[in-house]
Every structure is written in structure tokens, then in C-alpha cells.
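So the protein sequences, as listed, match chains C and S. No gaps in the numbering here: position 56 of the first sequence is 56 in this note's numbering, and each next residue is one more. No gaps in the numbering here: position 140 of the second sequence is 140 in this note's numbering, and each next residue is one more. Here a beta-carbon is modelled for each residue, glycine too, at the ideal position from N, C-alpha and C.
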Amino acid sequence: MSNRESVENKNIALIDILDVILDKGVAIKGDLVISIAGVDLVYLDLRVLIASVETLVASQSGNRKEISSEEFDKQREELMYASQ
Amino acid sequence: MSDLIYLYGLIPTEEEKRESVIPFKGLDEQKEAYSVQIGKITAVVCNLDSKEYSEASIEEKINNNMEWLQEKALHHHNALLNLKQKYTVIPMKFCTIYKNENSMRKTIENNQEKITDSFLHLAETEEWNLKIYCDDSLLKKYLSGRNLNIASKKEEISKLPPGRQFFEKRKLDQLLDKELETEKGSVCEQIHDRLKQFSLNHTVKNNWSKDVTGKKYDMSWNSVYLIAVDRVEEYLEEINNMTKEMEEYGWKFEASGPWPAYHFAIMA
């Protein structure tokens with residue numbers, strides 16, 4: 001098996017994809033309806049983090065108190081406020 | 001109201017003429033994606049309902065609907081990956097949407113030269129990412145064995161009264177931590193230098209925290225290389241060699257690719 005075959009399409013996480021398609025990639029400006037160049041990656045990191053923590057909590061349910069997504073949203077808002 | 005045009009990416013018309021784009025389901029999972037020829041440039045696009053995909057509604061979804069973002073981001077990326085297998089591709093940013101075909105045509109026509117230059121620059125190349133992780137405890141062990149100063153310092157400390165030993169050990173640990181960081185930085189730079197030789201272009205990115213990667217070890221390096229297709233095997237072989245050389249000291253390498261040239265298709 002070539003090196004390429006053993007690596008191709010592996011080691012790719014969603015965060016890798018989001019990182020490049022939101023931040024990189026070409027934007028040819030002009031009559032664009034929407035440009036999401038403004039998406040803040042720090043904020044995005046936080047979201048992905050929260051999503052992964054939520055999954056973790058869900059998988060451990062029973063062992064500890066469940067944290068609802070409302071609570072997470074509240075915490076996120078606080079964090080965002082603090083990071084502004 | 002007429003449909004909006006979602007632009008995935010641009011490919012050279014001459015390549016598209018040799019093999020036309022296989023239609024696939026567009027971003028809304030209903031209408032088929034298709035290609036639009038604009039001189040030497042072919043745009044791969046799909047139509048979107050202008051109400052459902054207005055700026056406000058997309059922004060709302062990006063900010064509040066992680067599931068939507070994940071699904072559509074994967075769709076955008078997969079569409080470009082499939083194109084990349086057959087054509088030279090300039091990948092667009094996620095959600096590059098024009099009001100109508102005419103406005104997209106005009107924008108592309110105005111940038112024709114830059115786009116065709118970029119095709120030349122990207123032809124027969126691939127983008128590859130490398131992330132380096134380090135098991136600090138293994139590297140620390142190696143460093144304290146390698147550094148004679150630290151070994152003799154340890155010896156000295158062991159002869160001190162217990163109270164002093166505690167403080168001196170703490171000082172030594174701090175010294176070791178500092179040395180660890182310096183070593184990590186310089187090793188990663190050396191690795192980057194070795195890999196740069198295979199690349200046409202390269203860029204160093206920020207490291208991500210463990211919270212984001214979900215990995216056990218800290219990320220020490222994150223870089224991207226644009227590599228000629230016929231040198232990719234050599235590049236990956238070099239990473240394999242480095243893994244063999246350095247694994248025992250705690251270094252872990254993660255190469256991923258080939259990516260659409262997100263970092264190198266730049267319209268300067």
C-alpha cells in the first residue's frame with residue numbers, strides 16, 4: 001500500500017473542515033449576497049468545544065447530573081461576554 | 001423572486017470539456033448542482049431558494065444551529081473533494097452566494113486574469129496538512145536524561161536536607177518545563193524545514209487546544225503544504241521516517257489530505 005493510500009481521507013475532523021471553509025477558501029467579492037468572513041473562529045472553537053462536551057455528558061448520563069443545552073447556552077453566553 | 005446562486009468552486013473550462021461535471025444534489029438537497037461556463041473558467045454552482053437562504057437566515061443558522069452548520073459544511077467540502085479528484089479547483093469559502101447568475105458572471109469576468117493565474121499555480125498540486133502532537137512526559141524523560149546539567153543537579157539535590165530538596169526540586173522542574181518548550185519549538189521548526197523542501201508553498205497555522213482537538217496530547221505544530229502531485233509520496237515517506245526516528249521521544253505526526261487548495265488558492 002502506498003503512503004498516500006494509508007493516509008488519504010484519514011485524520012480529518014469536523015473542526016478541520018470548518019476551520020478551512022469558514023476561514024480560508026477564496027472569496028471573490030462583488031455582488032455577494034452573503035459573506036461570512038466575519039465568523040469569529042474563537043467563537044467557533046467554543047461552539048465545537050461545547051458540542052463535544054455535550055456529547056461527553058450525554059454518554060455519561062446516569063453517572064452524573066445531566067446538563068441541559070439551555071444551561072450550556074447560558075454558559076456560552078457568559079463565556080462570550082467574558083471574552084469580548 | 002428568482003433563485004440565488006451558490007458557488008462551490010471554479011475549474012478550468014478546458015478540463016471540464018474533457019470530462020463534464022457529474023451532477024450532484026445541491027446544498028438544499030433538492031436542486032441539482034450544475035456548471036456554468038464563463039470563458040476559460042467554469043463555475044460549479046447550485047440554485048437556492050432566496051427566502052430560505054437569505055443572509056439573515058444563514059447567519060441565524062450558522063450561529064444557532066450547529067447541526068445545520070455541520071451538515072452543510074460537510075456537503076460543501078465533499079463537493080469540492082469530488083471535484084478535486086478530476087479537476088484543478090479553486091475552492092470558494094463556505095456560503096459564497098450571489099444574487100443571480102449575472103452578478104456571479106460579472107464578478108468572475110472582472111477577476112478572470114487572477115483566476116486563470118491561480119489555475120496555473122494549482123495545476124497538478126495537492127494541499128496537505130500536518131499536525132504534530134507531543135507526549136510531554138516522554139519528551140521530558142528523554143530531555144532530563146540527555147541534559148547533563150539536569151542529571152548533576154538531581155544528584156546535588158539528593159544530598160540536600162529534605163526541606164531544601166523540596167524547593168530545589170521545584171526549581172528544577174520549572175527549568176525542565178522551560179527546556180521542554182524550547183525543545184518542542186526547535187524540533188518542530190526543524191521538521192518544517194525538512195518538509196518545506198518537498199513543497200511549492202507552505203504556511204504555519206495556530207495550534208489548537210486539547211479542548212478543540214479532543215486529543216490526549218497538546219498540539220505542538222500545525223502547518224499546510226502545497227505539493228506537486230508527483231512529490232506527495234516522498235513527502236509522506238519523510239513523515240513516516242520522522243515518525244520512526246522520533247516516536248520514542250513522544251512525538252506523534254498526523255498528516256491529512258489531499259485537501260482542496262483552501263490555503264493556496266489566493267486571489268491576491
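- Taking 8 Å as the CB threshold, residue 254 (chain S) lines the interface with chain C.
- Separation of residue 82 (chain S) and residue 115 (chain S) (C-alpha to C-alpha, rounded to the nearest whole angstrom) is 20 Å.
- Rounded to whole angstroms, the separation of the alpha carbons of residue 258 (chain S) and residue 232 (chain S) is 9 Å.
- For residue 37 (chain S), there is no enclosing alpha helix (DSSP H); the residue is found in the beta strand (DSSP E) stretching over 34-38.
- Beta-bridge pairing by DSSP links residue 67 (chain S) to no other residue.
- Going by beta carbons, residue 265 (chain S) and residue 26 (chain C) fall inside the 8 Å limit.
- Against chain C, the beta carbon of residue 70 (chain S) has neighbours under 7 Å at 14, listed in chain order.
- Contact check between the segment 33-50 of chain S and the segment 9-17 of chain S: three or more CB pairs, one atom from each, fall below 8 Å, which counts as touching.
- Spatial neighbours of residue 73 (chain S) in its own chain (CB-CB distance under 7 Å, excluding positions within 5 residues in sequence) are listed in chain order as 94.
- Contact annotation for residue 76 (chain S) against chain C: 21 [CB-CB distance below 7 Å, chain order].
- Judged by DSSP in its simplified three-state form, residue 24 (chain S) adopts coil rather than helix or strand.
- Within a 10 Å sphere around the beta-carbon of residue 23 (chain S) sit fewer than 16 other beta-carbons, which makes this residue exposed.
- Counting only runs of 3+ residues, the beta strand (DSSP E) found wholly inside the segment 172-226 of chain S occupies 199-204, in chain order.
- Counted as a single uninterrupted DSSP element, the alpha helix (DSSP H) harbouring residue 148 (chain S) occupies residues 148-158.
- Residues of chain C whose Cβ lies closer than 9 Å to the Cβ of residue 91 (chain S) are, in chain order, 20, 21, 24, 25 and 26.
- Here the alpha carbons of residue 213 (chain S) and residue 191 (chain S) stand approximately 21 Å from one another.
- As DSSP reads the structure, residue 92 (chain S) sits in a beta bridge with C:26.
- Near chain C, meaning a CB-to-CB distance below 7 Å, the residues of the segment 224-239 of chain S are 232, 233, 236 and 237.
- The alpha-carbon separation between residue 239 (chain S) and residue 135 (chain S) amounts to approximately 18 Å.
- Membership of residue 254 (chain S) in the beta strand (DSSP E) is indicated by the continuous run 251-259.
- Neighbours of residue 265 (chain S) in chain C, taken as residues whose beta carbon is under 7 Å from its own, are 26 in chain order.
- Your pair residue 224 (chain S) and residue 127 (chain S) checks out as a contact, with CB atoms roughly 6 Å apart and the cut at 8 Å.
- Per DSSP, the continuous alpha helix (DSSP H) segment holding residue 7 (chain C) begins and ends at 3-7.
- The distance from the Cβ of residue 27 (chain S) to that of residue 48 (chain S) is about 6 Å, consistent with a contact at the 8 Å cut-off.
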